[in-house]
Amino acid sequence: MREKKIQAVLFDMDGLMFDTEVLYMKAWKKAGEKLGIPIDDRFLLPSRGMIRADSKKLFEELYHPSIEYESIIAIRQEFLEKEFEKGILCKKGLFPLLNYLKTEGYRIVLATSTPRERAIRLLQKTKVESFFDDMVFGDMVEHGKPAPDIFIKAAGKIGIDPKHCLVLEDSRNGIVAGKRAGCRVVMIPDLIPANREIMEIIDAKLDDLEKVIIWLQEINNEINTKDVVSSKEAK
Numbered sequence: 037m038r039e040k041k042i043q044a045v046l047f048d049m050d051g052l053m054f055d056t057e058v059l060y061m062k063a064w065k066k067a068g069e070k071l072g073i074p075i076d077d078r079f080l081l082p083s084r085g086m087i088r089a090d091s092k093k094l095f096e097e098l099y100h101p102s103i104e105y106e107s108i109i110a111i112r113q114e115f116l117e118k119e120f121e122k123g124i125l126c127k128k129g130l131f132p133l134l135n136y137l138k139t140e141g142y143r144i145v146l147a148t149s150t151p152r153e154r155a156i157r158l159l160q161k162t163k164v165e166s167f168f169d170d171m172v173f174g175d176m177v178e179h180g181k182p183a184p185d186i187f188i189k190a191a192g193k194i195g196i197d198p199k200h201c202l203v204l205e206d207s208r209n210g211i212v213a214g215k216r217a218g219c220r221v222v223m224i225p226d227l228i229p230a231n232r233e234i235m236e237i238i239d240a241k242l243d244d245l246e247k248v249i250i251w252l253q254e255i256n257n258e259i260n261t262k263d264v265v266s267s268k269e270a271k
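So for the sequence shown, my numbering puts the first residue at 37; every next one is plus one.
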C-alpha cells in the first residue's frame, strides 16, 4: 500500500473549527470601552492566533504599559463566559471532516494558541474532544504563532515528520507558523481574506472544512479534482 503523503492533520481552533473570532473581537472592544481604551484593528487583527504573552506585548506597545493587561483580560473573559453559555457555533464541514479523518486513519492533533483551560471547555461543549489524538495549547509553548513551535510540537507528539502533516488555519500568524514548521498549509478564510502574501505561502485556499476531504483525496490518491477545489487562486 502506498504511503500517504499527508498522514496527520493539525487543527487550529478559533475561527477554524469554531465561529469564535468575532466574539473575541467584540469582547476586546467591550473590555476596552469599560476601561476607556479604544481597542481597534491595530491590535485586533495582528493579535489573532497569538499566545497570551505575545498578545500582552503587542497590547502594551500599542497602548500603554501602565494599563493593567490582566484587568482587561478579566473583563473580556467575563463577557466571553456569558456568550459561551449561549452555545458555540461550529464551522461548516467540521464534523464531516473529523469523521472522514478518523475513518481513513489520519492522526488528528489540535494546535491552538488558546490556553488549555478555555480550549478544553470549548472542545467539551461542542463534543469534538474525543476526535483528537493529542493536543497542544498556547500555554505549552514559549514562542507562539507565527513561530513554528506549536506545530513542530504537535507533529512530535504523534511521531510524524512535519512534511507529512497538513495544517488547517484561518489566520496569517497560523499560516506562517505552519509553513515555517515544514507542513503543508490549507487556509479556510474566516475574518481575513487571503491576500497576495498569504496566497504565495499556502498550498490551497478552500471555502469550508468539508472541502478538505476532496483536497486530501487529490493529494494522497492523485484523483483529478481541480475543478472542485480552489488552489492558489486569489480573489
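For every residue, glycine included, the Cβ atom is placed at its ideal position computed from N, Cα and C.
Buried or exposed by the 16-neighbour rule on C-beta atoms within 10 Å, applied to residue i
i: P198; result: buried
i: D263; result: Bear in mind that a pLDDT of 38 at D263, under 50, signals an unreliable position, so the number given afterwards is only what the model happens to contain. Per the 10 Å Cβ criterion, exposed.
i: N260; result: Note that N260 has pLDDT 39, beneath the 50 cutoff, so the model's placement of it is unreliable and no number is given.
i: S91; result: buried
i: D185; result: buried
i: E57; result: buried
i: G180; result: buried
i: K241; result: buried
Reference residue i, options the options, closest by Cα
i: A183; options: I87, A67, I228; result: I87
i: R208; options: E119, Q43, N231; result: N231
i: L133; options: A44, G210, K40; result: A44
i: K161; options: L252, K122, L59; result: K122
i: D55; options: D244, V248, P74; result: D244
i: D226; options: L46, M61, K41; result: M61
i: S83; options: D206, I124, D239; result: D206
i: G218; options: L202, P229, E233; result: L202
i: I224; options: Q113, G129, E165, L80; result: G129
i: L158; options: K93, K66, I124, A67; result: I124
i: I250; options: W64, E140, E119; result: E140
i: E165; options: L146, D50, E114, P151; result: L146
i: D50; options: R152, I42, A110; result: R152
i: A67; options: K193, E119, F115; result: F115
i: P191; options: R143, E236, G210; result: Per the sequence shown, the amino acid found at residue 191 is Ala instead of Pro. The shortest C-alpha separation from A191 is found at R143.
i: W64; options: L80, M53, L52; result: L80
i: K193; options: E178, K118, F168, I42; result: F168
Per DSSP, cross-strand counterpart(s) of residue i
i: F47; result: L146, L204
i: V221; result: V203
i: F54; result: D50, C126
i: A63; result: Answer is none; A63 lacks a bridge partner.
Open item on the list: Would you call the segment 97 to 106 in contact with the segment 210 to 219, where contact means no fewer than 3 C-beta pairs closer than 8 Å?
Closed with: A contact is defined here as three or more CB-CB pairs under 8 Å, and the segment 97 to 106 fails this definition with respect to the segment 210 to 219.
- [ ] Please confirm if the segment 67 to 74 is in contact with the segment 167 to 178, defined as three or more CB-CB distances below 8 Å between the two stretches.
- [x] Counting Cβ pairs under 8 Å, fewer than three are found: no touch.
TODO: Note down, one range per segment and in chain order, each alpha helix (DSSP H) of at least 4 residues found wholly within the segment 145 to 195.
DONE: As far as the segment 145 to 195 is concerned, its whole alpha helix (DSSP H) runs of at least 4 residues are 152 to 161, 185 to 193.
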